[in-house]
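Everything on this sheet refers to the single structure shown next.
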Amino acid sequence: MSIWWSLHLRRDAASVPLARRLLLGTMETAGVDPDISYDLSVALSEACANAVEHGGDTARGAVSEAYRVTAYLDGEKCRIEVTDTGPGFPGATGSRPRQAPADAEHGRGLGLIQELADHVHIGNKPGRGGTVVSFDKILKWREDAPLVAV
1 MSIWWSLHLR
11 RDAASVPLAR
21 RLLLGTMETA
31 GVDPDISYDL
41 SVALSEACAN
51 AVEHGGDTAR
61 GAVSEAYRVT
71 AYLDGEKCRI
81 EVTDTGPGFP
91 GATGSRPRQA
101 PADAEHGRGL
111 GLIQELADHV
121 HIGNKPGRGG
131 TVVSFDKILK
141 WREDAPLVAV
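In this text, residue positions in the sequence shown follow full-length UniProt numbering: the first is 1, and each later residue adds one.
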């Protein structure tokens, strides 16, 4: 079984729960274990919130009003990518973002994504500017899953 979807969203706080609900609905319909679905939905919310807050001021001085979310449920794995068109992530080092202190009010989202996903990659889009946050998680299925991978 393979399902994928892609959203082109406005950089607005209201877009974050929209993306989260679509992911949760897709996973529930497919029969993914609710704990796995929850982890991925929290990680998606953090990645979207970062795109909304930081992903708009491009290196050329323009402001981008959109970002993209793509989700792939393929076999036993889910991969989610959140891409913006901002100036890029200055601390992008592949899969190890700088960790914010535990008591910080901001800056803990990337660390949370790393805790909730099995594999995380944070990088800059080459040449065009922007950040790509992608993360994977191995799926577990409910016993009554209608679309379980074979």
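Glycine included, C-beta positions come from ideal geometry on N, C-alpha and C. These numbers come from a predicted model, not from an experiment.
On the CB-based measure, 16 or more other CB atoms within 10 Å of its CB, does Ile80 come out buried or exposed?
Residue mapping note: residue 80 aligns to position 80 of the sequence shown, counting from 1. The residue is buried, with at least 16 neighbouring Cβ atoms inside 10 Å.
Going by DSSP in three states, Ile138 sits in which element: helix, strand or coil?
Indexing the sequence shown from 1 puts residue 138 at position 138. Strand.
Do Lys137 and Leu40 have their C-beta atoms closer together than 8 Å?
Taking the sequence shown and counting its residues from 1, the one referred to as residue 137 is at position 137. Taking the sequence shown and counting its residues from 1, the one referred to as residue 40 is at position 40. Contact: yes.
Going by DSSP in three states, Ala19 sits in which element: helix, strand or coil?
Against the sequence shown, residue 19 aligns to sequence position 19. The answer is helix: DSSP assigns Ala19 an H, G or I state.
Contact check, Gly130 vs Gly75 under 8 Å by CB: the rounded distance?
As a first step, residue 130 must be located in the sequence shown, where it is residue number 130. As a first step, residue 75 must be located in the sequence shown, where it is residue number 75. Not a contact, Cβ separation roughly 28 Å.
Count the other C-beta atoms from every protein chain shown that fall within 10 angstroms of the C-beta of Glu143, then say buried if there are 16 or more, exposed otherwise.
Your numbering for residue 143 matches position 143 in the sequence shown. Classification of Glu143: exposed, given that the 10 Å Cβ count is below 16.
Go ahead and pull the three-state DSSP assignment for Ser37.
Translated into positions along the sequence shown, residue 37 becomes position 37. Three-state DSSP puts Ser37 in a helix.
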